[in-house]
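In terms of the numbering used here, the sequence shown opens at residue 15 and continues consecutively.
Ideal Cβ placement from N, Cα and C applies to all residues, glycine included.
Treat the numbers as computed from the prediction; the structure is a model and nothing was measured.
What follows is a set of notes on a single structure, which appears directly below.
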Amino acid sequence: MPLAQQVLEIVFTHLQNACNYSPLPQITELPEVVAIPDTAISESKLLAQLESILVSSMNTAHPAFIGHMDSIPTTLSFMGEMVTAALNNNMLSLEMSPLLSRLESHLLKEFATLFGLGKQAGGVMLSGGTLANLQALAVARNVKFDALKQGITALAHPPVLFASEVAHTSIQKAAMLLGLGVSSVIPVKTNSNSQMEISELRQAIENAQRDGKVPFCVVGTAGTTTTGNIDPLSEISQVAQEYGLWFHVDAAYGGALILSENQRQRLTGIEQSDSITFNPQKWLYVAKTCAMVLFRDMATLTKAFQIPAPYMRDSGDFINLGEVSVQGTRHAEVLKLWLSLQHIGKSGYNQLIEESYLLTDYFMQQVRKRPFLETTGEPETNLVCFRGIPHWISDNDWDKWNSDLQVYLLQKGNTFLSLPIYCEHCWLRAVLL
Numbered sequence: 015m016p017l018a019q020q021v022l023e024i025v026f027t028h029l030q031n032a033c034n035y036s037p038l039p040q041i042t043e044l045p046e047v048v049a050i051p052d053t054a055i056s057e058s059k060l061l062a063q064l065e066s067i068l069v070s071s072m073n074t075a076h077p078a079f080i081g082h083m084d085s086i087p088t089t090l091s092f093m094g095e096m097v098t099a100a101l102n103n104n105m106l107s108l109e110m111s112p113l114l115s116r117l118e119s120h121l122l123k124e125f126a127t128l129f130g131l132g133k134q135a136g137g138v139m140l141s142g143g144t145l146a147n148l149q150a151l152a153v154a155r156n157v158k159f160d161a162l163k164q165g166i167t168a169l170a171h172p173p174v175l176f177a178s179e180v181a182h183t184s185i186q187k188a189a190m191l192l193g194l195g196v197s198s199v200i201p202v203k204t205n206s207n208s209q210m211e212i213s214e215l216r217q218a219i220e221n222a223q224r225d226g227k228v229p230f231c232v233v234g235t236a237g238t239t240t241t242g243n244i245d246p247l248s249e250i251s252q253v254a255q256e257y258g259l260w261f262h263v264d265a266a267y268g269g270a271l272i273l274s275e276n277q278r279q280r281l282t283g284i285e286q287s288d289s290i291t292f293n294p295q296k297w298l299y300v301a302k303t304c305a306m307v308l309f310r311d312m313a314t315l316t317k318a319f320q321i322p323a324p325y326m327r328d329s330g331d332f333i334n335l336g337e338v339s340v341q342g343t344r345h346a347e348v349l350k351l352w353l354s355l356q357h358i359g360k361s362g363y364n365q366l367i368e369e370s371y372l373l374t375d376y377f378m379q380q381v382r383k384r385p386f387l388e389t390t391g392e393p394e395t396n397l398v399c400f401r402g403i404p405h406w407i408s409d410n411d412w413d414k415w416n417s418d419l420q421v422y423l424l425q426k427g428n429t430f431l432s433l434p435i436y437c438e439h440c441w442l443r444a445v446l447l
């Protein structure tokens with residue numbers, strides 16, 4: 015049997031038997047076999063090592079792996095990843111990926127239309143939401159301060175941006191990488207459902223202006239990492255327009271709701287944004303990595319971000335994607351996404367999302383039946399964040415009790431829940447994909 019076929023057999027057998035393995039194996043150290051050998055090892059030994067790696071890795075195929083936003087990939091995205099690797103095209107330029115570059119641009123225009131950004135919209139795919147947020151904020155900075163060529167070192171007053179106090183840490187990381195500093199991200203207080211308070215946003219903007227700072231962007235979150243909540247996007251867009259700020263929406267997780275007939279209204283206001291981050295690798299079940307950043311106007315992206323590369327041929331009206339992306343050489347993430355969309359369709363994804371909400375409702379019912387459990391609030395997506403507050407022990411011991419419960423559920427119930435810190439305490443989180 016050819017080596018490639020043997021590898022596929024091993025992988026498919028492992029996935030079929032995923033329930034026989036822990037959702038999160040405990041690995042303390044790497045085996046000696048990871049060392050680079052002096053000479054090639056036999057195929058049989060290589061395959062044995064591959065099997066060992068499979069059973070020792072995070073097991074997203076286990077139905078009780080519900081601790082993170084990491085889904086089992088669709089069959090077609092898995093196969094699409096194989097085809098992409100075999101083709102080994104480079105999304106740097108049209109010459110190096112003639113069909114896949116065009117496919118990416120076309121598909122992202124379609125997503126931009128779904129989000130309501132208009133006919134001039136489009137975007138680029140990137141390796142994860144962190145890079146997508148980085149590029150969105152880079153464009154926002156360059157537009158506001160005409161910083162493409164001169165940067166921001168000559169600015170008389172420090173630029174600042176605003177995001178909720180529970181926004182993803184990639185916003186701070188982007189500010190650091192853009193030379194703004196982490197302190198340039200002003201956290202806005204949230205309500206009991208982890209949603210940005212609009213009155214607090216206004217106050218934060220006015221305070222910054224009074225202190226001699228220059229606000230240039232506000233970030234709304236559609237699907238917070240810990241609780242899955244969605245900021246009031248329509249109200250944020252109104253504030254952004256009032257103060258002349260770039261409006262970016264980090265919809266890395268919640269953006270999938272755009273494919274749900276019943277739930278897409280939760281994203282109302284996202285159509286007013288200037289840019290959007292969306293990760294199909296999460297709720298669209300596409301193999302990692304698969305993310306995109308969309309812009310209301312592709313001409314704005316080109317003007318504020320494009321760096322022409324002399325080693326790439328001019329492609330006429332088509333812009334080489336590497337010239338308008340934070341990444342140069344890049345894997346062709348688009349094929350596995352396109353194949354998944356073709357295989358499942360809008361109606362199929364609509365059904366998957368609806369079933370996620372049914373699971374979430376059931377999970378919440380079970381939590382509410384237990385008086386020693388509390389939640390962070392009503393879920394807006396398919397995340398349930400809860401913790402034990404057992405009355406029979408001191409509240410000072412609740413964090414340890416919840417940490418112990420996580421371990422117990424994994425060891426005795428073969429169920430993995432994550433243990434984030436929320437409001438300075440340990441909570442359990444279920445992501446019901």
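Closest residue to residue i among the options (Cα-Cα distance)
i: F332; options: A189, L114 and S198; result: L114
i: T291; options: L151, N31 and S178; result: L151
i: P434; options: N293, D413, L121 and D264; result: D413
i: V421; options: Y299, L38 and L29; result: L38
i: V199; options: S178, K158, D52 and N102; result: S178
i: P173; options: S184, M190 and A181; result: M190
i: E388; options: H405, R401 and Y376; result: R401
i: S70; options: A100, L247, A32 and E249; result: A32
i: E249; options: I166, I67, V25 and T282; result: T282
i: E57; options: Q20, A75, G130 and P77; result: Q20
i: H28; options: I41, L17, V48 and M72; result: M72
i: D160; options: S339, P112, L315 and I67; result: L315
i: G269; options: Y257, E256 and W297; result: W297
Burial state of residue i (16 or more Cβ within 10 Å)
i: T238; result: buried
i: I169; result: Checking the displayed sequence, the identity of residue 169 turns out to be Leu instead of Ile. Result: exposed.
i: L145; result: buried
i: R384; result: exposed
i: T374; result: buried
i: G136; result: buried
i: V97; result: exposed
i: P87; result: buried
i: T235; result: buried
i: Y299; result: buried
i: A444; result: buried
i: F26; result: exposed
i: A313; result: exposed
i: K426; result: exposed
i: M15; result: exposed
i: T167; result: exposed
i: H439; result: exposed
i: I50; result: exposed
i: N416; result: buried
Continuous beta strand (DSSP E) stretch holding residue i: start and end
i: R443; result: L442 to V445
i: W260; result: W260 to D264
i: E388; result: L387 to T389
i: T139; result: It should be pointed out that residue 139 corresponds to Met in this sequence rather than to Thr. Element bounds for M139: G136 to L140.
i: A154; result: First-last for A154: G143 to F159, but that is the alpha helix (DSSP H), not the beta strand (DSSP E).
Residue interval of the alpha helix (DSSP H) (run including residue i)
i: K418; result: The question names Lys, but residue 418 in the sequence shown is Asp. Element bounds for D418: W412 to G427.
i: S115; result: P112 to L128
i: M83; result: Careful: M83 lies outside any alpha helix (DSSP H) and carries neither H nor E.
i: T27; result: L17 to Q30
i: G359; result: V348 to R382
Sequence-distant residues of the same chain with beta carbon closer than 7 angstroms to residue i, five excluded per side
i: S370; result: N396, L446 and L447
i: L192; result: L151, A152 and R155
i: V196; result: Q186, A189 and M190
i: A222; result: V174, I200 and P229
i: V348; result: L114, L117, E118, L121 and M139
Whole-angstrom C-beta distance between residue j and residue i, which should lie under 8 angstroms
i: Y267; j: N293; result: 7 angstroms
i: E392; j: N104; result: Their Cβ separation, rounded to whole angstroms, is 46 angstroms, which puts E392 and N104 out of contact at 8 angstroms.
i: A254; j: V232; result: 5 angstroms
i: T390; j: T183; result: That pair is no contact at about 18 angstroms.
i: S354; j: S91; result: 5 angstroms
i: I80; j: L372; result: So it is not a contact: roughly 14 angstroms between Cβ atoms.
i: Y376; j: C399; result: Not really, about 16 angstroms apart at Cβ, beyond 8 angstroms.
i: G336; j: S85; result: Not a contact, Cβ separation roughly 29 angstroms.
i: K227; j: H171; result: 6 angstroms
i: Q320; j: V338; result: 5 angstroms
Residues of its chain near residue i, where Cβ-Cβ distance is below 6 angstroms and the 5 sequence neighbours each way are ignored
i: D288; result: W260, F261 and R310
i: R278; result: L271 and I272
i: E275; result: N364
i: A301; result: P87, S91, F92, E95 and K350
i: M326; result: S107 and N334
Same chain, Cβ closer than 8 angstroms to residue i, five either side skipped, listed in chain order
i: R216; result: V253
i: Q209; result: S178, N243, I244, D245 and P246
i: F386; result: G402, I403, P404 and H405
i: L128; result: I272 and L273
i: V202; result: F176, A177, S178, E179, M210, E211, E214, L215 and A218
Heavy atom of the ligand COA within 7 angstroms of residue i beta-carbon
i: S361; result: With respect to small molecules bound, the structure shown includes none, and the ligand COA cannot be examined in it.
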